[in-house]
Amino acid sequence: MHIPALLPDELLGGYLARLAHLNALTSGAAALDAMYDDPNRPRNGACTSPFELIARVVGADKAHLLRAHSLAPQALAVRPGRDPIRHGDPRALPLKRRWRDDVVAPAVWRCPKCVNEDIGFWGFAYARRSAQLPGIDWCTKHGVALQRATAPIGESAAAPVDLSPSESRYAEIMDAILDLSQSIPLTQASIRLRQRMQQLGLRTRRDSSGPTMSGLVLSVLSRRWLERHRPHVLNGGGSADLDNIHTSPLKPFAIQDYVLALTALYATADEALTDLLRPLDAAERARLDDLVRRRRGKQDAAACTDDQLAQDLHEAARQ
Ligand SMILES: [Zn+2]
Numbered sequence: 480m481h482i483p484a485l486l487p488d489e490l491l492g493g494y495l496a497r498l499a500h501l502n503a504l505t506s507g508a509a510a511l512d513a514m515y516d517d518p519n520r521p522r523n524g525a526c527t528s529p530f531e532l533i534a535r536v537v538g539a540d541k542a543h544l545l546r547a548h549s550l551a552p553q554a555l556a557v558r559p560g561r562d563p564i565r566h567g568d569p570r571a572l573p574l575k576r577r578w579r580d581d582v583v584a585p586a587v588w589r590c591p592k593c594v595n596e597d598i599g600f601w602g603f604a605y606a607r608r609s610a611q612l613p614g615i616d617w618c619t620k621h622g623v624a625l626q627r628a629t630a631p632i633g634e635s636a637a638a639p640v641d642l643s644p645s646e647s648r649y650a651e652i653m654d655a656i657l658d659l660s661q662s663i664p665l666t667q668a669s670i671r672l673r674q675r676m677q678q679l680g681l682r683t684r685r686d687s688s689g690p691t692m693s694g695l696v697l698s699v700l701s702r703r704w705l706e707r708h709r710p711h712v713l714n715g716g717g718s719a720d721l722d723n724i725h726t727s728p729l730k731p732f733a734i735q736d737y738v739l740a741l742t743a744l745y746a747t748a749d750e751a752l753t754d755l756l757r758p759l760d761a762a763e764r765a766r767l768d769d770l771v772r773r774r775r776g777k778q779d780a781a782a783c784t785d786d787q788l789a790q791d792l793h794e795a796a797r798q
């Protein structure tokens, strides 16, 4: 099998499709199957997930593959618990074969200017990871609208997009999160968001007063963006998720809502990220331990699950 080198920012699904083309296989999924079926592949138990298998075949580090060529850093940006988990950490959530669909998924979007640049430089265009981020339908390098990867490239469609400051801020935060080497602990994210909401006088408890998080989002994000990316927020459908973003243990992986909240809560991406990424300090950890002990009647706070912790935060906010 001919194994081409992975290119900068290349999406794994696009890479597999390129590899399939070079080896006369029908699809990226067929290329992955061929890797699994290769009698020469290592069978020591280390190649159980597509990431591990592809890393072995292309000679890359699995953590690098995850961090630089997949959307996993964004999908796994906020994970349960108090401590960060390094992306690709073998002790973390095993990335088993159920990730197969994500790994082989082809690119949906592409930038016509990036395509032309790639053809000029590499001689061909390839699928870029940075064009697949939820809520960013423009190329952050060229400032033009992304096109569907299946559509013909049209120069007329490469018109500059008129972005609002909040749209740019959303993209900056999402881009930065994609570059993180480890997850943000759910407990930390919940606490930081609640602190900022309280600082701005937003409603953090059901029985308190003040503007809501969803109300703030509606006033900050443009109607164009909301209609296109979060229409359920416009008609009230996503309000509960946003209003409880600082407490809800329900969707630790819902990065779009986190980025949306941060975009609305801060004037700059730098401020938002500095706050969000600030680890829990000793006093905050001690307070969490105390909360858990009080609410659960347990001596060993570590025995409580992450969901219980998040629920405790929720209850603490109501006290
Ligand atoms: Zn571009």
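The opening residue of the sequence shown carries number 480 in the numbering used here; numbering runs sequentially from there. Glycine included, C-beta positions come from ideal geometry on N, C-alpha and C.
- Message: Which residue marks the beginning of the alpha helix (DSSP H) containing residue 592, and which one marks its end?
- Response: In the DSSP assignment, residue 592 falls within the unbroken alpha helix (DSSP H) covering 591–601.
- Kindly provide the chain-ordered list of residues whose Cβ lies closer than 5 Å to any non-hydrogen atom of ligand 2. Ligand 2 is not part of the structure shown, which contains ligand 1 as its ligands.
- Query: For residue 609, which residues of its own chain have a beta-carbon under 6 Å away from its beta-carbon, when the five flanking residues on both sides are left out?
  - Reply: Exclusion of the five residues before and after residue 609 leaves 488 as the residues of its chain whose Cβ lies within less than 6 Å of its Cβ.
- Straight-line CA distance for residue 642 to residue 611? When rounded, the distance between both Cα atoms is 18 Å.
- Residue range of the unbroken alpha helix (DSSP H) whose run includes residue 615: Counting along the chain, residue 615 falls outside any alpha helix (DSSP H), and DSSP gives it neither H nor E.
- Unbroken alpha helix (DSSP H) run spanning residue 515, endpoints: Where residue 515 is concerned, the enclosing alpha helix (DSSP H) starts and stops at 507–516.
- Let me know if residue 480 comes out buried or exposed under the rule of 16 or more other beta-carbons within 10 Å of its beta-carbon. Exposed, by the Cβ-count rule.
- Task: Locate the alpha helix (DSSP H) running through residue 758, then write down its first and last residues.
- Result: Segment: none, residue 758 is in no alpha helix (DSSP H) and carries neither H nor E.
- Task: Just grab the DSSP bridge partners of residue 631 for me.
- Result: Paired residues: none, contrary to the question.
- Task: Write down every uninterrupted run of the alpha helix (DSSP H) in the region 677–714 whose length is 4 residues or greater and which is fully enclosed by it, in chain order.
- Result: Taking only runs of at least 4 residues, the alpha helix (DSSP H) segments lying wholly in the region 677–714 are 692–699, 702–708, 710–713.
- Task: Below 7 Å CB to CB, which residues in the same chain sit around residue 706 once its five sequence neighbours on both sides are set aside?
- Result: Excluding sequence positions up to five before and after residue 706, its CB lies within less than 7 Å of the CB of 713, all in the same chain and listed in chain order.
- Local Cβ density within 10 Å of residue 629, reported as buried at 16 or more and exposed below that: Answer is exposed; the Cβ neighbour count stays below 16.
- Message: Can you find the residues in the same chain that come closer than 6 Å, C-beta to C-beta, to residue 491, ignoring five residues on each side of it along the sequence?
- Response: Result list for residue 491: 548, 549, 582, in chain order.
- Task: Please name the residue or residues paired with residue 663 in a DSSP beta bridge.
- Result: According to DSSP, residue 663 bridges with 557.
- Message: Can you tell me where the alpha helix (DSSP H) holding residue 493 begins and where it ends?
- Response: 491–501 is the span of the alpha helix (DSSP H), which, as asked, contains residue 493.
- Query: In terms of residue numbering, what span does the alpha helix (DSSP H) encompassing residue 580 cover?
  - Reply: 579–583 is the extent of the alpha helix (DSSP H) around residue 580.
- Message: Using CA atoms only, rank isn't needed, just tell me which of 680, 534, 665 is closest to residue 559.
- Response: For the residues 680, 534, 665, the minimum Cα distance to residue 559 belongs to 665.
- Item | Span separating the alpha-carbon of residue 482 from that of residue 543 | Cα-Cα distance, rounded: 17 Å.
- Length of the line joining the Cα atoms of residue 679 and residue 689: A straight line joining the alpha-carbon of residue 679 with that of residue 689 spans about 9 Å.
- C-alpha gap between residue 537 and residue 695, whole angstroms: Going from the Cα of residue 537 to the Cα of residue 695 covers about 46 Å.
- Evaluate contact between the region 707–726 and the region 657–664, counting only Cβ atoms and requiring at least three cross-stretch pairs below 8 Å. Taking 8 Å as the limit for Cβ pairs, the verdict is that the region 657–664 does not touch the region 707–726.
- Message: At the level of alpha carbons, what is the spacing between residue 674 and residue 563?
- Response: Rounded to whole angstroms, the separation of the alpha carbons of residue 563 and residue 674 is 20 Å.
- What is the rounded straight-line gap between the Cα of residue 654 and the Cα of residue 513? In this structure, the CA atom of residue 654 is about 33 Å from the CA atom of residue 513.
- Between which two residues does the alpha helix (DSSP H) containing residue 533 stretch? Here the alpha helix (DSSP H) through residue 533 covers 529–537.
- DSSP-derived helix/strand/coil call for residue 607: Strand.
- Close beta carbons around residue 751, own chain, < 6 Å, minus the five adjacent residues each side: Excluding sequence neighbours, residue 751 sits near 652, 741, 745.
- Query: What is the residue span of the alpha helix (DSSP H) that residue 726 lies within?
  - Reply: No alpha helix (DSSP H) holds residue 726; DSSP gives it neither H nor E.
- For residue 718, collect the residues of the same chain with a Cβ closer than 8 Å to its Cβ; drop the 5 residues on either side in sequence, then sort them by chain order. Cβ neighbours of residue 718 beyond the five flanking positions: 691, 693, 712.
- Assigned exposure category for residue 584 - 16 Cβ within 10 Å defines buried: Buried, by the Cβ-count rule.
- Message: Bridge partners for residue 565 per DSSP, in chain order?
- Response: Paired residue(s): 661.
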